[in-house]
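Below: one structure, written as structure tokens.
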Amino acid sequence: MRQLVILENSELAVYGLWALWGATWLLAGLWAAKAESRPQNLGERSAVLLVFLGFGLLFKPPNVAERLWVWFPAAQWGLVTLTAASMAFCWWARRHLGALWSFRTTAKAGHHVVDTGPYALVRHPIYTGILAAALAKALLTPSLLGFAGLGVLALAFWLKARVEERFLAQALGGDEYAAYARRVRRLIPYVL
0 MRQLVILENS ELAVYGLWAL WGATWLLAGL WAAKAESRPQ NLGERSAVLL VFLGFGLLFK
60 PPNVAERLWV WFPAAQWGLV TLTAASMAFC WWARRHLGAL WSFRTTAKAG HHVVDTGPYA
120 LVRHPIYTGI LAAALAKALL TPSLLGFAGL GVLALAFWLK ARVEERFLAQ ALGGDEYAAY
180 ARRVRRLIPY VL
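Residue numbers for the sequence shown follow numbering that gives the first Met the number 0, so the first one is 0 and each next one is one higher.
Right under this line is the structure:
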């Protein structure tokens, strides 16, 4: 028997925001500089697989019976706003990286520590923005699978951040990156 899936306008807005963000993010990847080196690391491959698993769990629309609770409209639209703000934060970070951005961990010609804009707040603001938008999505359509997806994404980005930091410390010279890591938290300003 098929289960009924009902999407509110706010949920459709969040799906639309994610689709638009994903499409523009992939298109912007065409302007990234060529990689000079990348780690040959099982940790990054594992993290990337976890990212796809996490998104798969997060975006499985819950049927009516799977919903843990239902929000009133103002809260729903507040979560849509959090999603949009989180994605804007990702784009702000991406603009500060410019051609240094890459989906995979890489070092590029002229690579340097970027510590301006959102990178003055956290070392991995793109991951922070994605996780905040994923939290909004999980809260908007609350289900056990959605929260499991959020947890898998958090683990994936934590692992990917660690791989990137080890690689960048080595590629850029440990002192420059180590000083940055001492000043700026990994994912949550002043906390984590």
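Cβ atoms here follow ideal geometry from the backbone N, Cα and C, with glycine treated the same way.
Here the structure is a predicted model, which is why all the values come from computation and not from measurement.
Reduced DSSP secondary structure (H/G/I, E/B, other) of residue i
i, result
"Val79", "helix"
"Ala84", "helix"
"Ala31", "coil"
"Ala12", "helix"
"Ala106", "strand"
"Thr23", "helix"
"Met0", "For Met0, the predicted structure reports a pLDDT of 47, less than 50, and the residue's modelled location is therefore unreliable. A value from the coordinates is still provided. Correct three-state label for Met0: coil."
"Phe58", "coil"
"Ser45", "helix"
"Glu7", "coil"
"Gly111", "One point to set straight first is that residue 111 is His, not Gly, in the sequence displayed. Residue state, collapsed to three classes: coil."
"Phe51", "helix"
"Trp100", "coil"
"Trp68", "coil"
"Trp17", "helix"
Within 9 Å, strictly: CB atoms of residue i and residue j
i, j, result
"Ala133", "Leu57", "yes"
"Leu66", "Ser142", "Sequence check: residue 66 is Arg here, not Leu. Cβ atoms of Arg66 and Ser142: closer than 9 Å."
"Gly128", "Leu52", "no"
"Leu154", "Leu49", "yes"
"Arg103", "Val47", "yes"
"Ala131", "Ala84", "yes"
"Asp114", "Arg182", "yes"
"Val162", "Gly55", "no"
"Tyr126", "Phe156", "yes"
Proximity to residue i [Cα-Cα], best of the options
i, options, result
"Pro117", "Trp68, Leu130, Phe88, Phe166", "Phe88"
"Ala180", "Ala170, Gln169, Glu164", "Glu164"
"Gly172", "His110, Asp114, Val50, Gly148", "His110"
"Tyr14", "Ala31, Thr80, Trp68, Leu26", "Thr80"
"Ala178", "Thr140, Ala106, Glu7, Ala119", "Ala119"
"Arg93", "Leu78, Arg161, Leu26, Ala168", "Leu26"
Proximity test, Cβ basis, 9 Å: residue i and chain B
i, result
"Gly28", "Annotation note: the requested chain B is absent from the structure, which comprises a single protein chain."
Near the ligand SAM: residue i beta-carbon under 8 Å from a heavy atom
i, result
"Asp174", "Because no ligand of any kind appears in the structure shown, any question about the ligand SAM cannot be addressed here."
Completely contained alpha helix (DSSP H) runs for the region 120 to 189, where each covers 4 or more residues: 124 to 139, 143 to 171, 173 to 182
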